[in-house]
Every structure is written in C-alpha cells, then in structure tokens.
C-alpha cells in the first residue's frame, strides 16, 4: 500500500513537472521587461504613485520609484495605469455540469485529475483572474484535494501552481444523502449472489461528524470502510502528515463547531467556507486566526443579492457577514456563490464598498488573502520582488465607476490586451 | 519527593483562590432572593406560599422566612407562581433532520449531542415554554439510533452545556424502525437482528466485522455503561422490549408506551419506567385513560415531547389532562419535572426546587397547569435566559 | 455463470484453432499472380507472385519459379494489397457495455455475434482483421479479441483470444474524470496487493485452477484480468476524449507499469506535442475534422486532426465508424487521410502494418512477406481511389469473398442501373 | 365503526382478563375444583359417563366415579353436558402479528414469533370462544426457512402465562412463495431488499441444498463454534427438531420426499392439499399431515386444480391409511370456524372418534405435547370444553371453556 502511494506521489510530481514544462515552454526566458510610470498597488501595504516594476524570466526583480532599468530591457510605458497583482479565484469546479458519482470518502481523489489543462480560459483571464483554486464538489463529505492552477489563456497551457493545495471537507447539508453508486464487488452468480454495493455515507450530519471524528483519530478505524477504502485512508493520513489546510464547507453553528473541533484535534490549519452562522464565532476565529472563504450571492447583473432565511429566522446572508468579518480583521477571501460569477471577481468585491470598506482591503480579499490561505504568498498575490509577474493593468476612464482592465500579464507575458 | 505535598497544597490553595474569585464574580451575577411567589417545589416541601427563596451561585439555597439582613438583590414575584424547569426526557429539539443516519440499521456509535444547535429557533421555542433540560435522542427510524445526550437549554452556542454527554442508547422496536425495503421487515426480525449483533460483539473483530460502524455503543451496552431507552408503543412491541431486557438482563426505559398500562403489573415488578408520548400527539381519548391508569398503578412515568414532532406546550397540556382524570395536581406536575429527572438519573441536580439543586425554574402568571397563565421568565442556573417582553 | 468456464474455453479455442487451420485453407499450395503487389514491408512488386502453402506466405517476389504441383491463380491486371486491419472496433455484438462501471472480468468473446453485418461489411471493404473491443462507456470495460472477418463460430474467427483490456479515462455521463482516475488507481493498487497475495499462496491457486468448474472466489474474479494486464499479458486500450486525458492516462500507465494504446477523441490534437514527445501508440477517432468555437470571439475554427498529427510526424492507426456516412469504411477513411496530406504509402501503412504492430500481431498480419498469414485483397485499381473496388479477398490463402458472386452487391448495382 | 367495535372488544376482554387473573389466583388458593360431568369424550376414543373431574392448580388431579376425601370442594355442575378436551389448532392462521415473516433474508431459522405476538389481539378471543384452547403459531411463508413455531394457550393474562412451548418445529416452505418478488437490480436501486435470488422453485431448492449440505460438511465442528442458526439446522439434521414443510402442490411434496432421502430429516407435511396423491409414501414413512381447511378448497393457486371430491375427502383417506393428521385453518377460513372443519369432515364420512382425535390428541402428538394436553386424563392441563350436545352437530353450542383450570363463559 505504501508502495502504491509513493507511486502516486511520484506520478503527481512527474505530472506537475510535465505540465510546468509545457506551461513554461511559452513563458519568456532570458528577456527583461520594465513597466514604468504606473501607479502600483503592491498588495502588501505599499502604494507607489508612479513606480517601476522590473521583470526577468517572468519573475518580478524590483519594484519602486527609482529602479535602475538595464538598457537592454524592453520598456512597457504604463503611464496612467493602475497595476494590481493577478486575481485569485478561491473556489471553483471548472468542470461544467460535473456531478460526482463517487465514494463519499475519497481523499485520494485530486482535482488535477479533472481540470483540463489544455482548456482555453481566456474569459477568466481577460477579467483579471489569472489563477484559481480548483476545488472539489460539495456533494461528498470528503471529496478530495483541490489544486491551485495558473489559468492559461489563448495559446499557452494552464499549469499547476500547487498540487494538493488543500483538502476539501463538506459538513453542510449538501454532503448528506449523496447520490448512490452501484459498484458491485463481483459479478453475480449462483455461488456468489448479488451483494449490495458500497453504500454512500453518510445520510445525516450526525453520521458525518462521527465519520470525521473517527477518521481524524491517530489510528483510522477498521471495519468495512477500511476494507473498501484502504488507499483512501492511507492517503488521508498522508495529507494529514503533510499538514494540508482543511477547507471545510459548513453553514450552521453546529457544523462550524464541529469544524473547529476537528481542526483542533488534528492540529491542522482550518479554512471555513460558506459559514452563514459565523457571527457567533467571530471571537474564536480571531483568536485562532482562521480565515474564511466567503461565498456571496452578489451578481453583476443588477438584481443585487437576496437575503436567504434558513431555518433560523435571524440568519444572515453571508453577503452581510462579509463586511463584519473584514472589519473584525478576519482574513476573508471572497468568491461568488455560483461559478458563472467568477470572471466578475473585481466587480463583486467592489460591491462591498457600499458598506464602507476600503477598496484596497477588498482587492486584498482576492489577491493576497487567498494566496496566504493556499500557502502561495511566496509566488502570487502581491507585487513584490521574487514573485511571478502576474500583473493587471487597470485604467481609470471618464464615466466608468470602476477602473477598466486594459492588459493582463501572466509570468511576464502580455496574455491579453484590449 | 517531600516537595510534592506542599506543591500540591500550593496548587490547591491557588485553585481555591481562583474558585473564590470566580464565585465572587458569579455571585455578583446570580445570587439573589425571590419573594412573594407561590412555589411548586415538586419535592418534599410540596407547595410553599409566599416563602423567600435564596439562590446563590446558580443553585437553590435554603428557604427562609424574610430577606431582611441579606445584602443580595431581591426579585419580587408576588402574585406569580414558580415551578421547577421542565425536564424533557425524549426530544429531537433543534437537530431533528440531523438525528437520523440511514446508512445502517444499527448505528450505535453516533452521539446525538454533537449535532445540537443551541441557537436554533426550536431550542428558543422550547426554552420559552419552560423546558430547561432535554435528553436529546437519535430518531426512532433506526433499530439502534445511537447514544443520547442530556443537556441544559441555555442559549450559549459557543460550547454545549452537557449534563451527560453519553446518557442512554436509543433502541427502537417501533413501527418506524420496521421498513419493507430493508432488514428488518418485521418485529421479530428486528429483535433477532439486534440480539445476533449483540451476540457477535464478543466474537467478531477487525476485518470480518460487518457494516461500517465499530458499534462501540453496543459494547458499552453489554458492559452496562449505557442503559437502553427503548421506543415501543403497542402491546407486541412492549412485550418484545420487556423480553429483550429480560433476555440480556438489563434495566431499561420504555418510551412511547401508549398501551403500556395493560402491562403495568409487569412493568412495576420489573421496575421499568415509561416515558409517555405527549397526549396531543395521537388519539387523546385512549391515551389519556391509559396514561392516567399507568400513573395510578404506580409505574414511574413521565411525559415527553418528541419535539419538534409535538409542540413543547404539549407537556404541560398532558399533565393538565391527567388532572382531569383524577390525578392530583402535584402528581401531575411531577410527571414533567421530577419523574423524568429521576428516570434520567439526574434528579440530584434538576427536577425539583430543593436546596443544592441547579436553579432552573419557571415564573408564571398563574397556575402552572393552566395554559391561561403565560410564562413570565425562565431561569437556567440562576440566569434569566428568557424574560417576557424582551 | 459463464465466467467459471473461461479457462477450459480458452484451451478449447487453441485446440479448435489448430484443428481448423488445415480445414480452412486448401491442403495444397497455391500461387496468386497479379500486376502490382503492395507489400507494405518491401515496397511495390510489379507482376509479382505470392506463393502460399497452408495459408502461410512462402514467398513474395517478381517471377519466382512456381513448383509444378502448385495451382496458379492469375489475377492479370489486378492489384493486390494486404488485408486491412482495424485496431479498435466497438461493433459486432448487440450491447457494447455492462451497466456496471468496473467490469474487467467480462470478455467480448462471450458477446461476439458472428452473423453481425460488421464482419460482412468489413470483408467487402477488404478488411481481414478486426480488433473487437467493449465500448467506451465503462471505466474498465473488459477484454477484447482480435478476429478475422470470416467464420461461422467465434472459434473460427479467432486470431488472438484475449488481446487487450479496454479502459476509458474520460468519464461516463454520470462520472467525471476525477472519480474515474481515482477509481482506476484504487483498482490497480488493490490488484497489486492481490498479486502479492497470490505469490504467497501460489500452490493452492494452481489447485483451484486445475479443478474444473470450481467455484471461484469474488476476489479472483474481480482482480484476475487486471492482474494479467499489470503482469503485461496484454495491452490496455485507453479511450481518451480530451487532451488532458492522454497525459493522465499515460501518467497512470507509467505509475502501474502496463503498456497502453490510446484511442484519441478529436479534441486530442491539442496534446500532439506530448504524444510526439512520448512516442505513444495512438489511433485517431474516425472523425478527422474538429470544429471548436472560440470562447472570446465566438467564431468557429476548423481543425484537420489527421493533418496535425501527420505534420508532427506521429504514426497513427485509422479507424472507421459505419454509423456515420462520411466515416463509413476504412478505405474511405484512407482516402480522407490522403486528402489531409498523407501519401498513399503512409495511408496504406496506417490501415495495415501500424495497427498490426499495435495489436502485437505484426508477425502474422499487416504486410505481405514470408511467414505471415496470406490475408490480402485483390483490387481492380490502385488503393484509396473512389473507382477502385475490392474484387477478391483471401484470408489465410482461402478465397473468402468474390465481388462477382456477391448477390447483395449485384442486386444493388442492378437496381442502380434500372433507376 | 368496525374499528370502534374492535377497540371496545379489546377493552372489555382486557378488563375481563384482569378480573380473571385475580379470580384465578383466588380460586387456586382456595383449592381444587370439581366438575360433575355427564359425558366425557376422553379424546383417545374412550367415552366416560357420570364422572367427576377434579382440577387443582390448572391440572387435572383425577377423573373417576368417586371423589377424593377430606378436601373442601366447590362443585361445578355439568351433569347434562358433554365434556371434550380443548381443541388444538396444529397450524393456526391468526391475525395476531403485524408482520408475519422477516423478509430480509431467505434463510431465517432464528426467527421466533414470540417476539411479535400481540396477546390482546381479538383473534385469541375468537379462538377460545370457539373452543380452540391451544394454537400453534409459526412465521409466514415468505422465507425458505422461515423460523420456528410456538404453542400458546389462547387466553390467560400475559404472553408468559400463555406460552406452552417455544421453538417446536422449524418451518420450511417449498413452492414459489419465498421466491416471489425477488429479482436482479434491473432499473431498481442497488440496495433494494429484493435484489437477490431465488427467483423460482429451482433457486429455492438450490438454497435448501446449499444450506443443509453446508451443515453436513460441518459435522466435525464443535457445538460452540456454530452460529445459532447452524445449531438449529444441526438439531434438524439430528432429528431432534422435526422439520415442518409447507408443501401445497404435488411437485413440492415430491421435492420434500427427495430432500428427505438426501438429508434424512424427520418432517411433517403442512398444508398438504395434494397429500391424497402420496398416501402410500406418507404412510410408509409415517409422516403426519396437517390438512385444512376441509370445506374450502377452491381459490388456492399454486397447485393443479383436481376435482374437489378428493380434496375434501382427504381426511377420510388419511384416516383409512392410518396416517396421523390434524386440522389447520388458513387465511381464508377464520379460526372462529375451526370446529366446522371437523364437522364437515365428519359429514364427508370421517368417524366422530377420528375427528375428535384429529382435533385433540393427534394434534397434541404432532406438536409433541401429548404429555400435557390432548385428552382428559389425570396429570394433564385442564383444558376442557363443555358442549350441550354432540360436538359434531352444528346445532349444539359450546357452553363452557376451561383453560388451565380457569372457567370461562364463551357466550358472555
């Protein structure tokens, strides 16, 4: 069993390397680019009114007002532009109409197996979303690991930024009563009559909580699950040892409590997703520095958002939680509730300015905060030396409420230009 | 080695100091005196008229004649009545749809408490109608639903206030547990399935175990750490339940028990208490008579509300109906306060207004068994968790 | 039920095959003479003669001395090409797949319907060998078989009984790629465990096999076939719908160490670089043309898949699909391949020796040279011309099709003339 | 309306029962009761006139002309009545269980009806009011081995008091009933209960062979290593527990004989509608037959419809061959008309002695409780019936019932 797992890891690395190679093939090696005269918002606090960014081999070398530009450098004159780091979509399936018909307990499944690296994601890139966390579906209790990818556009291949970036767990009502599989252990015959196949699990959050509590004990339990899901159990153990962040999708107080208990019991970084009832837990989140991936139902097509009243009459829509969380200083990453809204990340974040939140802070919820959540702050999420040059060129235009995206640079290459 | 004792002593003293501080801190909050009210202690003292009740650190103190010379806040409830907080010994409150795990018929590992949502609207509703302690049980659709937990209904959502986290094992010989599309499809099948499972507990282990669950609950049932609470309503089911308890030499509790009165002699001699369904929930005509008979013939009986299947108010209504069938008011009151507490084995802390018990009580306008008298305030551990108006 | 008799049945195949060889082909040797012989291996031979004995080619050359007792069949001005080979056919039976997603234990042998028109049509077209496979809708579809296109019972047609395992990594309507690959990984690693266990208690294994009709344990049934795959007894034939599937499938086969042949969907042209780099065995979807809509500017671009692969210098096998008019027959597919830039020689290779190599049967079929089975068709013109017809088809030296005696065809033609 | 009636009946019978409990305890405390009987049909064919039956603690102390001396006696006068033993339904079909069979598996020998019976069901009332003092209740026909049967008295307080003997026979059902409804999961969800074999007679017999032969292979296994089911089967194969085979059609009866030759178990033919076709075999292997209802033979599926003379004359034929048989009812004939079975058989030519024997002693013998009941004899349970006329005359009514020595009035 260990053997096969090592194989899998090896395979994973191979896969990653391969795709990086394919992706990197197109990124500009050896040349130096300088973007000058732009207003630079490096999301780690600094804002340069007019500054220069120096880029070599698709990585940022220097940022500042007076950066010495080598003479062989290609200069991009960006006067009047506002530079932001590339946006990060913190959650999304990127598989239209994907209904998972698979075991409810499959931590060995990886989103890298589903994501189409040859796909054309220009509709995201042209709206500034240069990288995304490909998450796992919500209809299983442990659907598996998500990956962070850099969305390739026209002509260049998407590439893996991080395989196994986080482990998705669903405590919400979506994971209860999952669709059934009919995988029979063996063909039917008279000496081997039909045995019912692996039954999906759980049918209630009672069972789900129990399962998780059992699984996250030092020795995952024996029994039928162990028999059927030996690999799964091992791979879960591995990802626990690797200390992946747990992204727990939950809604109600009981579920949030469970999530926190869970993360404490295994001492792993926790990220809440959804979490409508979070307002009772803000102190705890603050104490333990637990970030939240906040799903909002704000959509750019006019009708704004709708309050949903769940079983609690005093339930808030998450949309109204977000400003509270941000003011309380909790790290928030904003994503739209339905995936079609993903290209409009910028618009959606700016919506929250009506609650009197600083625009800079809102941009951070789709750049640096996600980067930190997925442990990629060393590569993406801000404009500082050493990071990949995923840069968005905005421009303020007369009559437009929000600045307009003009160019998108990914790894030092202009991948989209209006 | 010699340093240990005095170290321990130091620790101890430190702890005392801390405790003292805390006590003071609390004392400021929930030490007070109640005067002027008519108090139905469903305990030895019976009914007290305009007595002064001292409550310190969230517990009932002694009953005194007048509050003069006490430097504690006084709450004047003159004209009101006070009864102990209602104990609901079988409830799905605020976790109904989470308490049924369909994956297996015997799911004895599941602990009901962890899915309870104290800030839910049902919990609020229950509290506002006087229920301060609930025994949260798994649903009756499974043969063995899981382990119930007893908890206080204070609207504290950050941490659950358990009285007992693992209280009883819920077994159901009820009609609900018998379905035509899976085992068991019959009552005898249900009993057989459960007995075989219990027999096989010792033998099987590791890989050749059937089913997803390791069934810790059944193991501790065999060890006697857990007592069964068996759902059985009609004669056949109650018979089966009794035979099952005999066969495995266990003490247990019956819940439902609409026809239990016909076996009251047996129940009495075996000392099996019965948790009766609330009277509003089914045919009243038969149920009231049966319930009254059960109480009259001296079986330890209590009313439960299978919230949210029945309204929390139905507890008081059931007790009231008993009065109409010749049960004294005190007896009737006991079926929702101290009897359930005794059955659940928590009567040393809740269930009646006696010195040293938790200060869980309800303040009402008029008579406790008169629905016309609305609830003014509900106290849990001496804290007012609900006050009428705000 | 039938699974139990698999082993005896396999033995039966071999025996019967041995039995049938002499019956199938004439006892005495023959020599077939024609104007042009396309031996795919050794170029074109003008006025060549093929010497055949017991269905095996003895010699192919221009004017060898023919022994006195050999009957010479002179086809005059006709042209001989090797019998075509179609390396993946999901036809020749009623139902293509089990409902169950993981059925490696089934074999297409139990399913083949010898009277299915697939074989007749293929024969008319000059296709002499088909690789019949389960369909694309299941993850582990089962085992296929390489058959000739004539025979009354499966045993006659059989060339290779268990020729490969059908795998589909692209997901079924109800399952996404992720679930599929996770399930495959699980199945394979469980099978590895199983193999290890088998090694430990090998002895009673043999006993179980030897006792005929012994009840087989579910484990055996479940893992045997995949174990054979992992032991390398046959290749996997992997259906890849999209380009990333190819990468994924290759990754999987690297991980678990089995050889595989890839059945590419049209969109896979995007992965051409990868395929060229890794030198994978690939077969193209019958649909050579792929239309895709640009997500940004919603215009439609047309891609000639075969051309792309040809430009990248990738050798591939061509498949046909009679359900669609424009991909009906293999020869027609060959013409299309030529239209997208391949030379006649390459196109011919793509339907003969390359698929034969993929099937691991290039020592038997795929070209006309000494020692191979005498499977070839006689044309009235150069191959891959619209005017060209298949006049005769020989399989193992036996004349199995004759255009003049094809009643259906004749009727058809008459009808045409009348109308 | 009907519902209300039932509830009323239940209520009344219950109060009645409780009253009787008290009364019974008092009377047994008081000492023996004496019945002054005009005629006694003992049950084994003998007839006694003008005797005293002395009952103490529910048992018959003595029966004879004289009375024991020195005991305080309270005498019940039945001098103008005919006393017979209580009737025994050797296979009663009563509405006292909600779900008669556990359909989770095909082979459920562990099933025990005692865990499902409702002692307050009105069918018990009907039974004792029509003279049936003991019944044999078994699980239904939906399994191949559907479980063991139970013998109960038809009244007397709680189930514990009514129980005579438990786990009497193991029931095996031939024919297609067990297989009905089973199928493959075609278009059905894969966890459905019915996705399994057998689907026909053949499959059912396969499962029987599979089970029993599996047990034969386990001869050497010690007792304690077996599961309870396997222990039960071992008892059957050792002949300690007789197998009761429900075989309606002639082909099923033949199958039963074949299985008997293979595995050599003792068996009893239940619901033997076609028994008249195998009189010789039944007689030579002396296999008891439980037959009925006599007067209603049409409307049963599953066996070829022969002409009814044979069917309703079956008791006579059995009696002629000296094959031991008892009566049963089925869901088409209520237990309250149990006596009519015998009456009809008598009308078709069965002798009164045989009829009474079939109703009482032979039934007790088949059930293996002849030491406790079945005839009016010292030491047996005092289950007696008092008729004011010939029990086989429809006109004569039942005027008194004794169960375990307690006197009930059936007409109250």
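Protein chains in written order, with our numbering: chain C, 1 to 418; chain L, 1001 to 1390; chain S, 2001 to 2419; chain H, 3001 to 3412. Glycine residues also receive a C-beta, built at the ideal position from the N, C-alpha and C atoms.
For the alpha helix (DSSP H) containing residue i, name the first residue and the last one.
i, result
"residue 1088 of chain L", "Counting along the chain, residue 1088 of chain L falls outside any alpha helix (DSSP H), though it belongs to the beta strand (DSSP E) covering 1086-1091."
"residue 1184 of chain L", "Element bounds for residue 1184 of chain L: n/a, residue is neither H nor E."
"residue 1125 of chain L", "1121-1128"
From the options, pick the residue whose C-alpha is nearest to that of residue i; which is it?
i, options, result
"residue 419 of chain C", "C:139, C:150, C:258", "The shown model of chain C, from 1 to 418, leaves out residue 419 of chain C, and the question about it has no answer."
"residue 2243 of chain S", "S:2099, S:2070, S:2394, S:2266", "S:2266"
"residue 351 of chain C", "C:319, C:50, C:150, C:153", "C:319"
"residue 3412 of chain H", "H:3194, H:3223, H:3128", "H:3128"
"residue 167 of chain C", "C:156, C:248, C:120, C:93", "C:248"
"residue 3372 of chain H", "H:3387, H:3157, H:3400, H:3088", "H:3088"
"residue 48 of chain C", "C:31, C:70, C:128, C:79", "C:79"
"residue 1176 of chain L", "L:1155, L:1234, L:1085", "L:1234"
Taking the C-alpha atoms as reference points, what is the distance between residue i and residue j?
i, j, result
"residue 3075 of chain H", "residue 3251 of chain H", "55 Å"
"residue 1293 of chain L", "residue 1273 of chain L", "14 Å"
"residue 1392 of chain L", "residue 1219 of chain L", "The structure shown does not extend to residue 1392 of chain L, since chain L spans only 1001 to 1390, so no value can be given for it."
"residue 2344 of chain S", "residue 341 of chain C", "52 Å"
"residue 1183 of chain L", "residue 3182 of chain H", "15 Å"
"residue 1180 of chain L", "residue 3102 of chain H", "9 Å"
"residue 361 of chain C", "residue 216 of chain C", "35 Å"
"residue 3402 of chain H", "residue 1039 of chain L", "57 Å"
"residue 1344 of chain L", "residue 1212 of chain L", "30 Å"
"residue 3312 of chain H", "residue 3328 of chain H", "13 Å"
What are the partner residues of residue i, as DSSP defines its beta bridges?
i, result
"residue 250 of chain C", "C:274"
"residue 2231 of chain S", "Looking at the DSSP assignment, residue 2231 of chain S forms no beta bridge with any residue, so it has no partner."
"residue 2164 of chain S", "S:2144, S:2235"
"residue 3091 of chain H", "H:3328"
"residue 150 of chain C", "C:131, C:159"
"residue 1059 of chain L", "L:1056, L:1358"
So residue i is in the beta strand (DSSP E); what residue range does that whole segment cover?
i, result
"residue 2058 of chain S", "2056-2062"
"residue 3079 of chain H", "3074-3085"
"residue 41 of chain C", "32-41"
"residue 2277 of chain S", "Not the beta strand (DSSP E): residue 2277 of chain S falls in the alpha helix (DSSP H), residues 2272-2278."
"residue 3060 of chain H", "3059-3064"
"residue 3387 of chain H", "3384-3387"
"residue 2047 of chain S", "2044-2053"
"residue 74 of chain C", "74-77"
Would you check if the segment 3043-3058 of chain H and the segment 3091-3109 of chain H touch, i.e. whether three or more CB-CB distances between them fall below 8 Å? No, because fewer than three Cβ pairs between the segment 3091-3109 of chain H and the segment 3043-3058 of chain H fall closer than 8 Å, the two stretches do not touch.
At least three beta-carbon pairs within less than 8 Å, the segment 74-85 of chain C to the segment 327-337 of chain C: Between the segment 74-85 of chain C and the segment 327-337 of chain C, the count of C-beta pairs closer than 8 Å stays below three; the two stretches do not touch.
Does the pairing of the segment 2105-2125 of chain S with the segment 2347-2365 of chain S give three or more beta-carbon distances under 8 Å? They do not touch, by the three-pair rule.
Determine contact between the segment 3334-3351 of chain H and the segment 3106-3116 of chain H, defined as no fewer than three beta-carbon pairs at a distance below 8 Å. They do not touch, by the three-pair rule.
Three or more C-beta pairs under 8 Å: does that hold for the segment 1137-1145 of chain L against the segment 1167-1180 of chain L? Yes: the two stretches touch, three or more of their Cβ pairs being nearer than 8 Å.
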